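Here the structure is laid out as structure tokens; the discussion comes afterwards.
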Amino acid sequence: MRINVRVAPAAGLWRQRGFSLPEVLIAALLFAVSLLGLLQYHQVLLHSFQRQWQYRQAWSLAHQQLEVFAATGRTDAELLPLPPGWQREMRLNSPQAACQRLTVRIQTPQRQWAELNRWYCTAGTPADIMF
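In our numbering, the protein residues as written are 1007 to 1137.
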């Protein structure tokens, strides 16, 4: 910023143009508060994006686990390893003689659950049921 200094011809006083120190400090404070608000908003957006990505990944992993069972007939956890911090629950029920129901639950590190169920029947094609 450029400050112009002028001499008043009659009184011999110096006059300055520009912003005073309190004005500059208030402007800097407003800028800092605005910047902190934007940074907090950015942090919330990143957290929400990560949460949504993990939730989609959990659905994908649950679906993959159902596909592994359809291909191999096994529910071994070693066939589809999970990332660190994730948990898996699998239940295989046989409410009818010809059908089995596999329930897969995947938990993300942020404690979100994705649950998929699929029926495997020997007499016909498998029926997908999602909850």
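For each residue, glycine too, the CB sits at the ideal point set by N, CA and C.
On a predicted model such as this, the values are computed, not experimentally measured, just so you know.
Per DSSP, the continuous beta strand (DSSP E) segment holding residue 1120 begins and ends at 1119–1127. For residue 1081, the three-state secondary structure derived from DSSP is coil. Here residue 1109 is bridged, per DSSP, to 1097, 1123.
The region 1023–1032 makes no contact with the region 1065–1085; the number of CB pairs closer than 8 Å stays below 3. Ranked by how close their Cα comes to the Cα of residue 1094, the residues 1104, 1107, 1115, 1103 have 1115 in first place. Contact check between the region 1107–1123 and the region 1060–1070: three or more CB pairs, one atom from each, fall below 8 Å, which counts as touching.
In the displayed model, residue 1021 falls within a strand according to three-state DSSP. By alpha-carbon distance to residue 1087, the top candidate from 1054, 1071, 1098, 1099 is 1071. When 1039, 1037, 1107, 1102 are compared, the shortest CA-CA separation from residue 1096 is found for 1107.
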